[in-house]
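S.K.:
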Amino acid sequence: MGMGRYILARAALAVPMLGVLLTLVFVILRVMPGDPCVALLGGRNVTPETLDRCRQALGVDQPIHVQYVRYLEDILRGNLGTSIRTGLPVLQELLLRIPATIELALGGMVVATALGLVTGVYASLHSDRPLDHGLRLFNVASFAMPVFWIGLMLVLLLSVRWRLFPVGGRLDPVAAATFEPITHFYLLDTLLRGDVALFVDALRHLALPALTLGFVVSGFIGRMTRASMLDVLDKEYVTAARAKGLRERVVVLRHALRNALIPIVTVVGLQFALLMAGAILTETVYSWPGVARYLIASIEARDFQAIQGTVVFIAIFISAINLLVDVLYARLDPRIRF
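At position 96 of the sequence shown (counting the first as 1) the number is 96 in the working numbering, and the numbers step up by one without a gap.
#1: Runs of 3 residues minimum, wholly inside the segment 93-167: which ones carry the beta strand (DSSP E) assignment?
#2: Classify Val15: buried if its beta carbon has 16 or more other beta carbons within 10 angstroms, exposed otherwise.
#3: Quick one: which unbroken alpha helix (DSSP H) runs of 4-plus residues sit fully inside the segment 175-220? Chain order, please.
#4: With burial defined as no fewer than 16 other Cβ atoms inside 10 Å of the residue's Cβ, what is the status of Gln92: buried or exposed?
#5: Is Ile182 buried or exposed, if buried means 16 or more other CB atoms sit within 10 Å of its CB?
#6: To the nearest angstrom, how far is it from the Cα of Thr212 to the Cα of Val66?
#7: Taking 8 Å as the cut-off, does the segment 237-253 touch the segment 195-203 (at least 3 CB pairs, one atom from each stretch)?
#8: Whose C-beta lies closer than 7 Å to the C-beta of Ala279 among residues of the same chain, with five residues either side of it excluded?
#9: Okay, do the segment 74-85 and the segment 168-186 touch, 3+ Cβ pairs below 8 Å being the bar?
#10: With DSSP as the reference, please indicate the residues paired to Pro173 in a beta bridge.
#11: Could you tell me which of Arg170, Arg331, Ala306, His184 sits nearest to Thr284, measuring between CA atoms?
#12: Closest to Val265 by CA distance: which of Leu117, Ile28, Arg10, Arg53 is it?
#13: Between Val251 and Val111, what straight-line distance do the alpha-carbon atoms span, to the nearest angstrom?
#14: Among Glu300, Ala330, Ala315, Arg331, which residue has its Cα nearest to the Cα of Ile84?
#15: Could you tell me which of Leu261, Thr282, Ile28, Leu281 sits nearest to Val121, measuring between CA atoms?
#16: Give a yes or no on whether the C-beta atoms belonging to Ile7 and Val327 are separated by under 8 Å.
#17: In three-state DSSP terms, what is Pro48?
#18: From what residue to what residue does the alpha helix (DSSP H) around Tyr68 run?
#19: Whole angstroms is fine: what's the gap from Gln56's alpha carbon to Gly309's?
#20: In terms of alpha-carbon separation, which member of Ala207, Ala306, Pro89 lies closest to Ser159?
#21: Measure how close the beta-carbons of Arg223 and Asn139 come, nearest whole angstrom, since I'm counting them as under 8 Å.
#22: Determine whether the beta carbon atoms of Phe26 and Ser142 lie at a separation below 8 Å.
#23: Smallest Cα separation from Gly87: which of Tyr329, Val312, Asp303, Tyr237?
#24: Quick one: Cα of Ala330 to Cα of Arg10, how far?
#25: Let me know if Val196 comes out buried or exposed under the rule of 16 or more other beta-carbons within 10 Å of its beta-carbon.
#26: Who are Thr82's beta bridge partners in DSSP?
#27: Whole alpha helix (DSSP H) runs in the segment 262-326 with 4 or more residues, listed along the chain?
#28: Using a Cβ-Cβ cut-off of 6 Å (strictly less than) and excluding sequence neighbours within five positions of Leu295, which residues of its own chain qualify?
Written out as structure tokens, the structure is:
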């Protein structure tokens, strides 16, 4: 099967999955207790006529099947609704916040991949030795620790006690008041503005949230890397490379790790969903103005239009990432296309 047909087939498989997910989101939000109009209007000194007008304006007074059809039509048109809390289109607000979340997730993925590969490779090269046992324990512990606890400990040690990194936000408050973003990816924008000092400041603000996210995910990548490397190190071509007299570093990096990366690429991509889930707590701990923090604020305000739109947006985004991982996997190992 050619790569084009493979991509189309994988994209077609994502459609029913998204359909089920969109339906579940719609049903869950409709059966949840509480009235969005009561939450919007405050619930005090509100007449029944005012509540009826609010429900009519939001469309929640319509039969459930009518709401569902309109919900699907809006999504197909790219309309995720209007936030009850802010009065702005949900899609517009998400597009302003998604760069912050992507920047955080990419930073966390860089930390997780680097930490996972290093611990996994070293553990496999020292299999069943004390270093292997220590690294395996480290990987298990990092995967088991709650995100919020890691975040609070890093803040306590690296921000409060040693003052190495700022506690929260994306930039120093004084600089943020006058900074005009271009793409809303602050690391990129500060470079585009030619302000190296501000780039360093943005990097320092990103460090702790990225470390928190990356530390949690690194454990799983480390365990997968160790298992994959142990499998590859027993192959004949690795033995032949050593027999040729190649240096151990060349054997490990060029012959063993390169072939061991195929399953790891899939794991790294799938862990992106875990990163998005972890970002909900991380963005809250570090006051990071991303999509997850917007979702938390919407839940607190019972802004069901924003909740619905955000969940749909995240689902489509993760589906796109999974499709990208599948394509990359097929590129690395063409056998899976057949």
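Heads up, the beta-carbon is just placed ideally off N, CA and C, and yes, glycines get one too.
M.R.: This is what the structure gives:
#1: Those beta strand (DSSP E) runs which fall completely within the segment 93-167 and span 3+ residues do not exist here.
#2: As a first step, residue 15 is located in the sequence shown; it is residue number 15 there, counting from the start. Here Val15 is exposed. Its C-beta has fewer than 16 other C-beta atoms within 10 Å.
#3: Correct list: 186-192.
#4: Numbered from 1 along the sequence shown, position 92 holds the residue referred to as residue 92. The residue is exposed, with fewer than 16 neighbouring Cβ atoms inside 10 Å.
#5: Taking the first residue of the sequence shown as position 1, residue 182 is located at position 182. Ile182 comes out exposed.
#6: Translated into positions along the sequence shown, residue 212 becomes position 212. Translated into positions along the sequence shown, residue 66 becomes position 66. C-alpha separation (whole angstroms): 43 Å.
#7: Counting Cβ pairs under 8 Å, fewer than three are found: no touch.
#8: To locate residue 279, count along the sequence shown from 1; it is residue 279. Close CB contacts of Ala279 within its chain, under the 7 Å cut and outside five residues either way in sequence, are with Thr101, Leu104, Ala105, Leu213, Gly290, Ala292 (chain order).
#9: The segment 74-85, when compared against the segment 168-186, does not touch it at the 8 Å Cβ threshold.
#10: As a first step, residue 173 is located in the sequence shown; it is residue number 173 there, counting from the start. Pro173 is not bridged to any residue.
#11: Reading the sequence shown from its first residue, position 284 is the one you call residue 284. It is Arg170 whose Cα lies nearest to the Cα of Thr284.
#12: Here residue 265 refers to the residue found at position 265 when the sequence shown is read from its first residue. Ranked by Cα distance from Val265, the options Leu117, Ile28, Arg10, Arg53 are led by Leu117.
#13: Residue mapping note: residue 251 aligns to position 251 of the sequence shown, counting from 1. Residue mapping note: residue 111 aligns to position 111 of the sequence shown, counting from 1. Annotation: Val251 to Val111 spans about 25 Å, alpha carbon to alpha carbon.
#14: The residue given as residue 84 occupies position 84 in the sequence shown. Minimum Cα distance to Ile84 is reached at Glu300.
#15: Here residue 121 corresponds to residue number 121 of the sequence shown, with the count starting at 1. Measuring from the Cα of Val121, the nearest candidate turns out to be Leu261.
#16: Here residue 7 refers to the residue found at position 7 when the sequence shown is read from its first residue. Here residue 327 refers to the residue found at position 327 when the sequence shown is read from its first residue. Going by beta carbons, Ile7 and Val327 fall inside the 8 Å limit.
#17: For this step, residue 48 is matched to residue 48 along the sequence shown. In the structure shown, Pro48 sits in a helix (DSSP, three-state: H, G or I).
#18: The sequence position of residue 68 within the sequence shown is 68, counting from 1. Taken as a continuous stretch (DSSP letters only), the alpha helix (DSSP H) holding Tyr68 covers 64-76.
#19: What you label residue 56 is simply residue 56 of the sequence shown in a count that begins at 1. What you label residue 309 is simply residue 309 of the sequence shown in a count that begins at 1. When rounded, the distance between both Cα atoms is 19 Å.
#20: One-based indexing of the sequence shown puts residue 159 at position 159. When the alpha-carbon of Ser159 is set against those of Ala207, Ala306, Pro89, the nearest one is in Ala207.
#21: Stepping through the sequence shown from its first residue, residue 223 is reached at position 223. Stepping through the sequence shown from its first residue, residue 139 is reached at position 139. The beta carbons of Arg223 and Asn139 sit about 5 Å from each other, so the pair counts as a contact at 8 Å.
#22: Locating residue 26 in the sequence shown gives position 26, where the first residue counts as 1. Locating residue 142 in the sequence shown gives position 142, where the first residue counts as 1. Taking the C-beta atoms as reference points, Ser142 is found no nearer than 8 Å to Phe26.
#23: Here the question's residue 87 lines up with position 87 in the sequence shown. Per the Cα distances, Asp303.
#24: In the sequence shown, residue 330 corresponds to position 330, counting from 1. In the sequence shown, residue 10 corresponds to position 10, counting from 1. Going by C-alpha positions, Ala330 is about 11 Å away from Arg10.
#25: The sequence position of residue 196 within the sequence shown is 196, counting from 1. Counting Cβ neighbours within 10 Å, Val196 comes out exposed, since fewer than 16 surround it.
#26: Sequence index remark: in the sequence shown, residue 82 carries index 82 (1-based). The partner list for Thr82 (beta bridge, DSSP) reads Pro89.
#27: Runs of the alpha helix (DSSP H) spanning 4 or more residues and lying entirely within the segment 262-326 occur at 291-300, in chain order.
#28: The residue labelled residue 295 in the question sits at position 295 within the sequence shown. So the list reads Thr310, once near-sequence residues are dropped.
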